[in-house]
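>
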Amino acid sequence: MKKFILVLVISLFISGCETTEPVDTSHCIEIANTADNNGQKSADELYQECLDEHYKKQRANMSFWESAVEGLLIFVVEVTTS
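Under UniProt numbering, the residue at position 16 of the sequence shown is numbered 16, and the numbers go up by one with no gaps.
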């Protein structure tokens, strides 16, 4: 049974990786490189905020089925590892 669950998790993971799009980090790098040293925010903070914004946009554009598969995958991994 554990082998079946492992095969199921791996196949779900592979199918999930095929549907996700990578975040274009070049825009965030440009924003971080233009950071002024006036004490407002560091380049690392600006970079992280930019990445977080992109990830939030991606999560908002996910379909119901993509979200459901992601939740199911996390559930199966949690059950398998506990």
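For every residue, glycine included, the Cβ atom is placed at its ideal position computed from N, Cα and C.
Determine the direct distance from the alpha carbon of Thr34 to that of Val7, and round the result to whole angstroms.
So the two alpha carbons sit approximately 46 Å from each other.
> Could you please give the first and the last residue of the uninterrupted alpha helix (DSSP H) stretch that includes Asn61?
That residue, Asn61, is in no alpha helix (DSSP H); it is neither H nor E in DSSP.
> For Val69 and Cys28, what's the separation of their Cα atoms in angstroms?
Using only the alpha carbons, I get a separation of about 29 Å.
> Whose C-beta lies closer than 8 Å to the C-beta of Thr25 among residues of the same chain, with five residues either side of it excluded?
Excluding positions up to five away in sequence, the list reads Leu51.
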